[in-house]
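*Asks:* Per our numbering, numbering through the sequence shown is continuous, rising by one, with the last residue being 171.
Dumping the structure here so I can ask a few things about it.
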Amino acid sequence: MEVIHKIGRRKTAVARVYVAPGEGKITVNKKDVADYFTTATLQYKVNQPLTMTNNDGNFDITVNVYGGGITGQAEAIRLAISRVMCEIDAENRLILKPEGLLTRDPRMVERKKFGQKKARKKFQFSKR
């Protein structure tokens, strides 16, 4: 098996994932995954597709991620890894699809409108 490349997105975060056979080492922006994502919740999100498909220590994963916040980046990586797992084995799709790991979250920040304070908030109107 050669290196498989997939892209995952969430909000404004874009993750490029390169998966090759190995011993389970995950590198995010040239750092270890535990150094890049310091909280256990974010580390769980990144590893979720691997643990669900029982591929925990089978692949070396290199990730380039940019844009967005730390949570958006973790979920973008999760989507990209899920897509790779489906390409490796079609049976993995039946495991990941019901959990919603193959769905690109379409929610984006709403733009600020002209003449308003924020996207939905209006200026206060006072009668004097």
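Beta carbons: idealized from backbone N, C-alpha and C, even for Gly.
Values in this document were obtained by computation on a predicted structure and should not be read as measured data.
Can you give me the C-alpha to C-alpha distance between R59 and R52, rounded to a whole angstrom?
*Replies:* 9 angstroms
*Asks:* So G67 packs on N101, CB below 8 angstroms; how close in whole Å?
*Replies:* 7 angstroms
*Asks:* With distances taken between CB atoms, is the gap from R121 to K88 smaller than 8 angstroms?
*Replies:* For R121 and K88, yes; Cβs fall inside 8 angstroms.
*Asks:* Cα-Cα, which of F166, T94, V76 is closest to A117?
*Replies:* Checked all of F166, T94, V76; the closest Cα to A117 is V76.
*Asks:* For N107, list the residues DSSP reports as bridge partners.
*Replies:* R59
*Asks:* Are T96 and M44 touching if we call contact CB-CB under 8 angstroms?
*Replies:* no
*Asks:* Can you grab the Cα-Cα spacing for the pair L93 / I69, in whole Å?
*Replies:* Looking at the two C-alpha atoms, the distance is approximately 11 angstroms.
*Asks:* Considering only residues of the same chain and omitting the five flanking positions on each side of K160, which have a CB-CB separation below 6 angstroms?
*Replies:* F166
*Asks:* Between L145 and L139, how many whole angstroms is the CB-CB distance? I'm expecting something under 8 angstroms.
*Replies:* 5 angstroms
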